[in-house]
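Protein sequence lines correspond, in order, to chains A and B.
FYI, the numbering for the first sequence is 20 to 273, going by the numbering used here.
FYI, the numbering for the second sequence is 307 to 551, going by the numbering used here.
Even glycine gets a Cβ: it sits at the ideal position worked out from N, Cα and C.
Values in this document were obtained by computation on a predicted structure and should not be read as measured data.
Take a look at the structure set out below.
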Amino acid sequence: MNAALEFELLKARRAGVFRWGAIVVAVGVPALSIAFFELVRLGGDSPSAAKAATMITDLTLAGLLGTAGQVLSVAILMTVGIAASWSFGREFVDDALPALFAIATPRWSVAAAKFVVLAGWALLTVISMVILTVIGGLLLGLNLDTAAVHTASRIAVAGLLGAALAAPMALVSSWRRGYLPGIVTLLAVVVVTQLLTAVGAGAWFPYAAAALWLGMGGAAAANQVSVIQLLLPLPVAALAVIATLSWWRRAEAR
Amino acid sequence: MSIVTIRAHGIARRFGDEQAVAGVDLEVRAGEIVALVGLNGAGKSTLMRLLLGMLRPDSGTAEVLGRRVVDADRAVWSRVGHLIETPPRYGELTVAESVYSAARLQGWDRRSARVATAAISTDLELDHWLHRATRTLSLGNRQRLGLAMALVHRPDVLVLDEPTNSLDPLGVVRVRELLRIRTGDDGVSVLVSSQHLDEVARMADRILLLHHGRIIGGLDPHGVDVEHQFFQRVLEADRAEPRRR
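This is the structure we're talking about:
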């Protein structure tokens, strides 16, 4: 294995931000979705049940997965965004950057290894979340039909697109030399996404398209999201990765 | 005469209004220990960062092992070890993992990196702490760890910024002996900075005095009173040319 990748994997294995992030997404999202789903299915008359009923109209496994997908669309961006900010920003906060200069392994390859670790971790986390939601649904007695499989693939794709949108946080954390700027940018992005979605301009905003596609703005809005709009996160992530690697290649250790 | 492994020619760097390094010429040869001494803010760390490519010079050139620093590749840097200011702090890693990772990042294979980690840890008396998270180490042991990470791959060139900071007297002697062995037996070149004049007098072959970003002369490490030489030179430099900004 490449030395930079081995180094980054070692750090990620020890990092609470990766461990807790995986638990929040892979376990927390299915647990929360199942709790909401059961509230509606059991038909209570509490305010929480009434609120959940507006989100969940389809009491099948596809409906449960759809609910989980809506929670995932925010959770994955927040979790991977925080992990990316930490992974890149900590090198500055912990005064580790000078040690990455004047060594046989180029700095850009250390940064590339960080992206590989983040991508692999996000992939495992999203797939685990989908599998645990399906298992939860089966335990509730729901059927794994074609619609459920279709929705499961849909939320896996949207989850991975959401994870890709965390790449700009790596750039901001590198450029501003710390993890807080990345996390602040992440919060700002979430707020802007809410505003743009509220005024109906969300589908062209990469951070909103996947959530809308998953039904966050209702079925009508979901059907209007085009393939181009849905895939906008890919060029955003690619540009952020290229800019980050270029920054790491050229930056000074001041 | 042994080959020049580190060379600076007219190297300069400014930060805003502050001329941190102002046209320094410097050579370090294989098998010699050259010490940089100077008051706080004299430019020692900045000069070392310029020599290691951590900063780009405004003017002048730096060469390491015969290659311009701006063009230096994996083959050059794999023969260089350094510790600049604070040791790296990956608090979640153990001492053994940190040193092993340093060797791996210098291009060593896993097995050799493990063997080298054990060897340098013994040399710097880190064995007892090998499996401790580095965040639990004392300042002195963290400094030993930084030195282990700089030395693990047996570099031909060492650039060490105040390497004996926070070390106990035994640690200071141990580092001095280790550097002496590496320079004497392996022909390693060492550029070292320090605030401790008596310490560098014991360790260095040559002492260069850096003041306001310029090398204003050398001190005789075998002279009677190095501290007196130091202040005399600084005073003369300040009288001849008050600090320019």
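query: Chain-ordered chain A contacts of residue 412(B) [CB-CB under 9 Å]; result: 22, 122, 123 and 124
query: Contiguous alpha helix (DSSP H) assignments of at least 4 residues, all confined to the region 348 to 424 of chain B; result: 350 to 357, 380 to 383 and 401 to 411
query: Under 7 Å (Cβ pairs) to chain A, residues found in the region 356 to 390 of chain B; result: 358, 359, 360, 361, 362, 380, 383, 384, 386, 388 and 390
query: Cα-Cα separation, residue 260(A) to residue 238(A); result: 33 Å
query: The region 339 to 348 of chain B touching the region 364 to 379 of chain B, judged by at least three CB pairs closer than 8 Å; result: no
query: Residue nearest to residue 49(A) in terms of C-alpha spacing, selected from 103(A), 24(A) and 174(A); result: 174(A)
query: Within chain A, partners of residue 392(B) - CB distance below 7 Å; result: 114
query: The ligand ADP heavy atom lying under 8 Å from the CB of residue 133(A); result: Because no ligand of any kind appears in the structure shown, any question about the ligand ADP cannot be addressed here.
query: Euclidean distance between Cα positions of residue 10(A) and residue 201(A); result: Given a span of 20 to 273 for chain A in the structure shown, any question on residue 10(A) remains unanswerable.
query: Interface flag, residue 495(B) vs chain D, CB-CB below 9 Å; result: No chain D is part of this structure, whose protein chains are labelled A and B.
query: Contact list for residue 332(B) against chain A, beta-carbon separation under 8 Å; result: Here the premise fails: no neighbours, minimum Cβ distance about 16 Å.
query: Environment of residue 551(B) [buried if 16+ CB atoms lie within 10 Å]; result: Low per-residue confidence applies at residue 551(B): pLDDT is 44, beneath 50, and the placement is therefore not dependable enough to give any value.
query: Contact residues within the region 30 to 56 of chain A, judged by C-beta distance below 7 Å to chain B; result: 30, 33 and 34
query: Three CB pairs or more closer than 8 Å across the region 159 to 171 of chain A and the region 113 to 131 of chain A; result: no
query: Below-9 Å beta-carbon distance, residue 399(B) vs any chain A residue; result: yes
query: Residue span of the alpha helix (DSSP H) that contains residue 495(B), given as start and end; result: Taken as a continuous stretch (DSSP letters only), residue 495(B) belongs to no alpha helix (DSSP H), being part of the beta strand (DSSP E) at 495 to 500.
query: Interface partners of residue 395(B) on chain A, CB under 7 Å; result: 113, 114 and 115
query: Partner residues on chain A for residue 403(B), Cβ-Cβ distance less than 7 Å; result: 29
query: Contact with chain A by residue 458(B), beta-carbon distance below 9 Å; result: no
query: Top-ranked residue by Cα proximity to residue 51(A), from 25(A), 126(A), 84(A) and 73(A); result: 84(A)
query: Proximity test, Cβ basis, 9 Å: residue 465(B) and chain A; result: yes
query: Segment limits, alpha helix (DSSP H) that includes residue 321(B); result: Taken as a continuous stretch (DSSP letters only), residue 321(B) belongs to no alpha helix (DSSP H), being part of the beta strand (DSSP E) at 310 to 321.
query: Span separating the alpha-carbon of residue 351(B) from that of residue 390(B); result: 7 Å
query: Same chain, Cβ closer than 6 Å to residue 511(B), five either side skipped, listed in chain order; result: 338 and 339
query: Helix, strand or coil at residue 57(A) according to DSSP, with G and I counted as helix; result: helix
query: Complete runs of the alpha helix (DSSP H) confined to the region 439 to 511 of chain B [at least 4 residues]; result: 445 to 457, 475 to 492 and 503 to 509
query: Per DSSP, cross-strand counterpart(s) of residue 334(B); result: 312(B)
query: Strand pairing of residue 325(B), partner residues [DSSP]; result: 320(B)
query: Alpha-carbon spacing of residue 95(A) relative to residue 35(A), whole angstroms; result: 16 Å
query: CA-to-CA distance, residue 514(B) to residue 535(B), given in whole angstroms; result: 12 Å
query: Local Cβ density within 10 Å of residue 213(A), reported as buried at 16 or more and exposed below that; result: exposed
query: The region 381 to 388 of chain B contacting the region 437 to 452 of chain B, beta-carbon criterion three pairs below 8 Å; result: no
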